[in-house]
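> The following block contains the structure, expressed as structure tokens.
Numbering (my numbering), first residue to last: 10 to 93.
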């Protein structure tokens with residue numbers, strides 16, 4: 010499940026600040042508060058964030074999946090055949 014840019018920014022923000030709330034993150038990213046709440050609950054469900062108390066989250070040690078772009082796939086194929 011590749012994460013969107015907004016979800017990656019949310020995770021980075023939670024890692025930076027211990028007491029990151031959806032309201033503070035929404036203000037920093039200039040997005041709707043409810044939208045951020047929904048994204049953060051999804052991230053909790055998949056294990057990227059952990060809810061400490063009501064409205065306060067912390068980041069888990071789970072790695073953010075890297076999305077393979079077309080250019081990256083082409084480079085990997087090139088390297089694979091170059092080795093042979």
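Quick reminder that beta carbons are idealized off the backbone N, C-alpha and C, glycines included.
Nothing here was measured: the structure is a model prediction, and the numbers come from that model.
Taking just the CA atoms, how far does residue 55 sit from residue 22?
If I take the Cα positions, the gap works out to 18 Å.
> List in chain order: all unbroken alpha helix (DSSP H) runs of 4+ residues lying wholly within the stretch 20-66.
As far as the stretch 20-66 is concerned, its whole alpha helix (DSSP H) runs of at least 4 residues are 31-38 and 42-54.
> Check this for me: beta carbons of residue 95 and residue 20, under 7 Å apart or not?
Beyond the ends of the chain as shown, which are 10 and 93, falls residue 95; an answer cannot be given.
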